[in-house]
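According to the numbering used here, the sequence shown holds residues 151 to 235 in order. Glycine included, C-beta positions come from ideal geometry on N, C-alpha and C. From a predicted model like this one, the values you see are computed outputs, not experimental measurements.
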Amino acid sequence: MTGRKVAKAGVTSKPTTGLKKSGWRTFRPVITEECRGCGICVMHCPEGCMKTENKMAKVDYDYCKGCLLCANVCAFKAIKSEMEK
Ligand code: SF4
Ligand code: SF4
């Protein structure tokens with residue numbers, strides 16, 4: 151054993167670096183009432199800026215870069231995209 155820490159499967163990063171990415175977005179993901187809180191989008195978000203709360207997905211928009219991967223993996227089509235203003 152080397153003592154190296156290995157990330158849990160599905161967790162790629164956490165929004166703890168202080169580098170906010172909200173200015174990167176052209177589109178923003180918007181969670182709709184179709185959400186079942188399954189957490190699939192949370193597992194796929196490359197920024198680690200999603201969580202589920204009260205059986206709904208939630209996005210931390212300070213760290214979301216607008217890649218819309220979350221919307222693409224949602225089997226319930228519960229995430230729509232809106233143009234940033
Ligand atoms: S994958 Fe879709 S249904 Fe599941 S938590 Fe995310 S938005 Fe909700
Ligand atoms: S758009 Fe990309 S960065 Fe933003 S919440 Fe969805 S998967 Fe994460």
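query                                                                                               : result
What residues are listed by DSSP as bridge partners for Pro179?                                     : Ser231
Identify which residue in Ala228, Val223, Arg186 and Cys217 has its Cα closest to the Cα of Phe177. : Cys217
How far does the beta strand (DSSP E) with Ala207 in it reach, from first residue to last?          : Met206 to Val209
Name, in chain order, the residues that DSSP records as bridge partners for Met193.                 : BP columns for Met193 are empty, so no partner.
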